[in-house]
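Q: Sharing a structure with you now.
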């Protein structure tokens with residue numbers, strides 16, 4: 071799965087499962103701006119499974135910090151498309167991030183996390199517009 075596929079799955083997942091889950095846990099219905107923001111953030115978050123590949127966008131996003139994390143995760147996960155490309159990883163990461171955001175004493179952590187995830191979306195490769203020969 072390429073980065074653009076990760077982005078599409080993240081956006082679609084938020085628009086379907088994410089919206090249903092938010093309503094189910096009592097957050098009520100979101101407005102158009104909140105839905106758009108959630109879609110963009112989740113599309114960026116969908117890049118996180120590629121942290122197990124040192125050449126991926128997410129692995130290069132914060133220089134030596136994310137590159138070192140990537141090397142560690144790659145070894146622990148067993149290489150690219152192993153442990154991080156699984157349902158348990160997605161569920162575990164979702165729970166971890168939800169807990170961290172809920173436990174955060176103020177708005178700084180959520181804002182930094184959203185900025186980071188949106189930056190992954192913004193830095194993802196784009197089509198060049200050229201057709202294949």
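Numbering (the working numbering), first residue to last: 71 to 203.
We treat Cβ as the ideally placed atom computed from N, Cα and C, and that holds for glycine.
#1: Counting beta carbon pairs with one atom in the stretch 108–119 and one in the stretch 81–88, are three or more of them shorter than 8 Å?
#2: Kindly indicate which residue of 122, 146, 149 and 150 has the alpha-carbon position closest to the one of residue 137.
#3: Quick one, which of 114, 103 and 89 has its alpha-carbon nearest residue 187's?
#4: Which complete alpha helix (DSSP H) runs does the stretch 121–179 hold, if anything under 4 residues is left out?
#5: Sort 163, 174 and 175 by Cα distance to residue 112 and report the nearest one.
A: Concretely, from the data shown:
#1: yes
#2: By 1-based counting over the chain shown, the position of residue 137 is 67. Comparing Cα-Cα distances from residue 137 to each of 122, 146, 149 and 150, the minimum goes to 122.
#3: Within the chain shown, numbered from 1, the residue matching residue 187 stands at position 117. The shortest C-alpha separation from residue 187 is found at 114.
#4: 127–130, 134–147 and 157–173
#5: Along the chain shown, one-based indexing puts residue 112 at 42. Closest option to residue 112, Cα to Cα, is 163.
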